[in-house]
Amino acid sequence: MNIIVCIKQVPDTNEVKIDKKTGTLIREGVPSIINPDDRNALEEALRLKDKYEDTKVTVLTMGPPQAKVALNEAFAMGADEAILLSDRAFAGADTWATSTTLAGAIKKMGDFDIIFCGRQAIDGDTAQVGPQIGEHLDLPQITYVEDLKLDGDNVVAHRAIEDGHYVIKSEMPVLLTAIGELNEPRYPSIKGIYEAFGEKEIKVWSLDDIIVDTNQIGLKGSPTQVKKSFTPATRSAGEILEGNNSDKVRNLIVRLKERQII
Amino acid sequence: MNFSLTKEQEMIRKVINDFAENEVKPIAAEIDETERFPKETVEKMVKADMMGIPFPKEYGGAGGDDLAYVIAVEELSKKCATTGVILSAHTSLGTWPIYKYGTEEQKQKYLRPLAEGKHLGAFGLTEPNAGTDASGQQTTAVLEGDHYILNGSKVFITNGGQADIYIVMAMTDKTKGTRGISAFIVEAGYEGFKIGKKEDKLGIRASATTELIFENVKVPKENLLAAEGKGFKVAMSTLDGGRIGIAAQALGIAQGAMDETVKYVKEREQFGRPIAKFQGLQWMLADMETKINAARHLVYNAAYRKSQGLSYGKEAAMAKLYASETAMEVTTKAVQLHGGYGYTKDYPVERMMRDAKITEIYEGTSEVQKMVIAGNVLA
Amino acid sequence: MSIKVITEKCIGCGLCVKSCPFNAIDMIDKKAVIKDNCTLCGSCVEVCPVDAIVMEKEEANNKINIEDYKGIWVFAEQRAGEILNVSVELIGEGRKIADKRNVELTAVLLGKDLDENAKTLVKYGADNVIAVDNEKLETYTTDAYSKVIADLIKERKPEIMLIGATTIGRDLGPRVSAKVHTGLTADCTRLEIDDEDGKLLQTRPAFGGNLMATIICPNHRPQMSTVRPGVMEKAKYNEDNTGNIEKVEVSFEDGQLKTEVLEVIKSEKEAVALDEAPIIVAGGRGLTDKKGFELLEKLAEKLDGAVGASRAAVDEGWIEHAHQVGQTGTTVRPKLYIAAGISGAIQHLAGMQSSDCIVAINKNPDAPIFKVADYGIVGDLYEVIPELLEALDNVDDIVTALKSVEG
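Protein chains in written order, with the working numbering: chain P, 411 to 672; chain D, 40 to 418; chain Z, 763 to 1169.
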């Protein structure tokens, strides 16, 4: 079985801080991590590899050369192969152009049974790249996967919705997107770390290595554009209620009552 | 001289830091309070291949080096010194002697499962009347046919009762003093081998520290490690390496206390500003940071020398002496900088201070380290 | 772009079949035939020795005449025959946009037995309802829904299409946008029409709510957005509203739908209707313990509200994710939001800042939550909340008592 896992290296948004003076993001010193949902996708692929013999897990990412760090971590977790799509022509891509590029690489990679993505990346939260890859490759898809089983040539997945889940069956090849509930990702193993920097090697592909219409990638191929970005306006601080606890609570009640909230 | 870590070592630090943050730190206070050996953590460490970092892959190890192992102990100890010493005792004391002195058969039978983490290792040298002076061993081993018969007891054994494999020192010839000591590989299940009293300790409370009791324990002849009479050498060289592990543990404790303190002094406000703004406290922080870094260089240097095959006895002793005294000093100051809160269990620094003390004592007290260092200098 | 085989030239050598990475070429009667799964990669064009395969490029970058696209569409999501709240919010927002653009608002409704729901959508203010009634659309599947909607868009060319950013809308939206080759902006929290050029300005949070970005889709149509539930104002139901309801027939061929929903399972727990609750009592790491939520539940019960939580509390395992408020949880705008033991990370603030009134209870006077709170109580929540519970029993007495003191 061949599984392709698409991952993204993202800044840890929990660590992102705002420069109070300029109102801009401070990205310096913010650690880069494998996007959390993608880590769940990779873990599930590795579990399938543990369970089914002759399973190959290939990790694919698009990004600058620094994204190799994420691929090395994927190697250390147990991935067999890793491909980095890195070319200036890919830069500035929105989800359409990104998914087109990734699909272009997958077309070059040959047969596969499952493409696994994370539901969404924490720096963008769009949840669009997975399904759009699915569309470009004309694959059936199951998103928000929280449980997965194989059944012959089919997968049976629990797909989370707001108040429960659907049990969905799909034929393979299929595109799946993982959410945190799917599994508990393993830590990279120490042995794996030595293998990652030893015998395993990241393949770096440029535009020439993939099958894609160059008009549909990068900034040029992106239907959407960012017009402006800004830091969200915050509410201003109100009143800190004084006194002992009982006074504070009484004052609160009066104010809420006056505003007819209670 | 090269002071930068390899890519592998960098990644190991990051991974174990994450591991410690997510798996070790959340239960550190609880296991300290209840003296519960964190079996579940050990299982997770096994899955991440942490139990055989410096051993070759062909024996089930991760194929790493001593510095990578030291970083692992340091990172674990930053969050929980108990977890750090479990790994240190297992790797340096329970596993390394077989790697160093074992026959090919012994390596296949014992080293592999230890390095893979299927078995946990421990080391038994200290006796009630033979602490610093190991020559006072009273545990005996008598050859009878295909077996040695072991009698006696050991105390203060780390991982006692939890380990599957023990490296045990016993007298095969009392008349020869230290040259009459031999080392044996003893399995937990051997008949007559019992776990005695479990110590109730000041610190590293979740680490299992127990007595080992041998009552006519039959140990197969092929479990003799190195040769008869070589036990003292096995023990002393093992402790040389073990000291690097303990030094790393001490370093981790100090760094953990430093991290907590830096966070606290930035948050805590008195007289209308964070206490970090007060120069008197800044000077303390500067001293702490400087000593921790000095300790780190000593510890890493000892580990580096060991993996390069250079002599490391003196370096290991210096690293342990300095790192453990730094740990004690830094944690004490950390409690001080936390004020009244630091003395309570609301903050982890009081635990770190209790944990730090043992690093000045076990695997050779600070005084023994000085003997070793002076001995090397004067030799 | 399109590809075609000039049959007169084709000599049936089969080189193209071998070269195709997708098995998208068949040899029928010694002539190459390109199948639907062709991705226009061009491999065959290169290998053909007689130049019998040609690729015809359209204007670069999908130049379309955007003037051809008119009208605002919203996807009216239903589950088990019930129109979701977010769909009513979309009609509310869509109505405003349609009025500003001076065009019609159309709700697209897929499912089975849709008559009642279609009427309801009109009463909420849709000018038109396209109702696609089919057994295979009763429960959402990606293949069926995305195909039906993409075909409708291609045929009728709306300028804007809004979809609720539910777990289903976020599955459907990207698939449809890829099918019709347009841009899609995810999880929008604000939509406006640019006064100058009439384009849709789509504003959304990024970097976990640390940054807001306004996105446009200048050269592709429709301009598509998924819209975060709970953010837009709901449309008002008006019995007098009128509109057209059009039924559209569709059929699906065998094998066209590759996925099948075997079962729909509702979680046993009652759904947490955070987005509906007028009052929310939320807890964070400051609870220090799972038991803290028992206290919050008491307070919520007394206030007729719901219990919310910060991500930290959910990550600790003290409460289910369904209660999570914030960037990766639910966005809420209740009348009253009580944050107990929540420090106020930006990700949390992003999900509750538009509450009418925020009360913060926290030990740490410097907690960022106080910067957005209308009323702040610095103190131990385990002392403050029991006081509050008691006081709520005697609200009128307290008000009178304090009034008389102040008066």
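Even glycine gets a Cβ: it sits at the ideal position worked out from N, Cα and C.
Leu132/D beta carbon less than 7 Å from that of Phe162/D: Cβ distance < 7 Å, so Phe162/D and Leu132/D count as in contact.
Min CB distance Phe522/P to chain D below 7 Å: The beta carbon of Phe522/P does not come within 7 Å of any beta carbon belonging to chain D, so the residue lies off that interface.
Other residues of its chain near Glu652/P: CB distance less than 6 Å, five sequence neighbours each side excluded: Hits under 6 Å: none found.
Cut-off 6 Å between Cβ atoms - residues of its own chain near Met923/Z, not counting five sequence neighbours on either side: Trp835, Pro984, Met986, listed in sequence order.
Neighbourhood of Ala1107/Z by C-beta, 6 Å cutoff - its chain only, sequence neighbours within 5 removed: By the criterion of a C-beta distance shorter than 6 Å, Ala1107/Z is surrounded by no residue of its chain, once the five residues flanking it on both sides are discounted.
Contacts of Asn655/P in chain Z (Cβ-Cβ under 7 Å): Listed along chain Z, the residues sitting closer than 7 Å to Asn655/P by beta-carbon distance are Gly1141, Glu1145, Val1146, Glu1149.
Residues of the segment 46–75 of chain D with Cβ closer than 8 Å to any Cβ of chain P, in chain order: For the segment 46–75 of chain D, which is checked against every Cβ of chain P, the residues closer than 8 Å are Lys46, Glu47, Met50, Ile51, Val54, Asp57, Phe58.
Amino acids of chain Z, ordered along the chain, whose beta-carbon sits closer than 7 Å to that of Phe640/P: In chain order: Met974.
Three-state class that DSSP yields for Gly739/Z in the structure shown: Not covered by the structure: residue 739/Z. The range shown for chain Z is 763 to 1169.
Neighbour-count burial assignment, Asp957/Z, 16 or more Cβ in a 10 Å radius: Burial is judged here by how many other beta carbons sit within 10 angstroms of a residue's own beta carbon; Asp957/Z has fewer than 16 and is exposed.
Host alpha helix (DSSP H) of Gln1109/Z (start-end): Gln1109/Z -> alpha helix (DSSP H) spans 1108–1114.
Integer Cβ distance of Glu453/P from Pro595/P, believed to fall under 8 Å: About 4 Å; that satisfies the 8 Å criterion.
Buried versus exposed call for Ser496/P [16 or more other C-beta atoms within 10 Å across all chains shown]: Burial is judged here by how many other beta carbons sit within 10 angstroms of a residue's own beta carbon; Ser496/P has at least 16 and is buried.
C-alpha distance - Ile412/D paired with Val369/D, whole-angstrom precision: Their backbone Cα atoms lie some 23 Å apart in a straight line.
Contact under 7 Å by Cβ, Gly270/D with Ile204/D: The answer is no: Cβ separation not under 7 Å.
Reference Tyr1048/Z, options Pro1127/Z, Thr1092/Z, Thr947/Z, closest by Cα: According to the sequence as given, residue 1048/Z is Gly; it is not Tyr. Per the C-alpha coordinates, the member of Pro1127/Z, Thr1092/Z, Thr947/Z positioned closest to Gly1048/Z is Pro1127/Z.
Length of the line joining the Cα atoms of Ala293/D and Val194/D: Answer to the nearest angstrom: the Cα atoms are 27 Å apart.
For Val848/Z, three-class secondary structure by DSSP: It is helical.
Opening and closing residue of the alpha helix (DSSP H) in which Phe607/P lies: Counted as a single uninterrupted DSSP element, the alpha helix (DSSP H) harbouring Phe607/P occupies residues 600–607.
Residue(s) in a DSSP beta bridge with Tyr187/D: Bridge partners of Tyr187/D: Leu182/D, Val258/D.
Chain-order list of residues whose beta-carbon lies under 6 Å from that of Arg669/P (same chain, five-residue window excluded): Taken in chain order, the list of residues that qualify is empty.
Partners in chain D for Asn482/P, counting only beta-carbon separations shorter than 9 Å: When 9 Å is used as the limit between beta carbons, Asn482/P is near these residues of chain D: Lys46, Met50, in chain order.
Same chain, Cβ closer than 6 Å to Val807/Z, neighbours up to 5 away in sequence not counted: Excluding the 5 residues flanking it on each side, Val807/Z has same chain C-beta neighbours closer than 6 Å at Ile815, Met817, in chain order.
Residue from Thr624/P, Ala455/P, Ile578/P whose Cα sits closest to the Cα of Ala499/P: Sorting Thr624/P, Ala455/P, Ile578/P by C-alpha distance to the C-alpha of Ala499/P places Thr624/P at the top.
Status (buried if at least 16 other CB within 10 Å, exposed otherwise) for Trp1177/Z: Nothing can be reported for residue 1177/Z: it is not among the residues displayed for chain Z, which extend from 763 to 1169.
Exposed unless 16 or more other CB atoms sit within 10 angstroms - verdict on Ile603/P: With 16 or more other Cβ atoms from the protein chains shown falling within 10 Å of its own Cβ, Ile603/P counts as buried.
Residue closest to Asp830/Z, alpha-carbon to alpha-carbon, out of Asn981/Z, Asp1158/Z, Cys1119/Z: The shortest C-alpha separation from Asp830/Z is found at Asn981/Z.
Closer than 7 Å to chain P by CB, Ile419/D: Given that chain D is displayed from residue 40 to residue 418, the structure contains no residue 419/D and the question cannot be resolved.
Stretch-stretch touch, CB-based, cutoff 8 Å, three pairs: the segment 999–1017 of chain Z with the segment 894–913 of chain Z: The way I'd put it, the segment 999–1017 of chain Z does touch the segment 894–913 of chain Z; three or more beta-carbon pairs between them come closer than 8 Å.
Beta-carbon gap between Gly199/D and Ala247/D smaller than 7 Å: In this structure, the beta-carbon distance from Gly199/D to Ala247/D falls below 7 Å.
Entirely enclosed alpha helix (DSSP H) segments - the segment 933–999 of chain Z, minimum 4 residues: Runs found: none.
Environment of Glu483/P [buried if 16+ CB atoms lie within 10 Å]: Buried, by the Cβ-count rule.
Under 7 Å between C-beta atoms of Leu586/P and Val555/P: A contact, by the Cβ cut-off of 7 Å.
Lys996/Z versus Arg1073/Z - alpha carbon distance: Cα to Cα, the separation comes out at about 27 Å.
Straight-line gap, Met327/D to Thr365/D (C-alpha atoms, nearest Å): Cα to Cα, Met327/D sits roughly 8 Å from Thr365/D.
Start-to-end residues for the alpha helix (DSSP H) that takes in Ser116/D: Per DSSP, Ser116/D belongs to the alpha helix (DSSP H) from 105–118.
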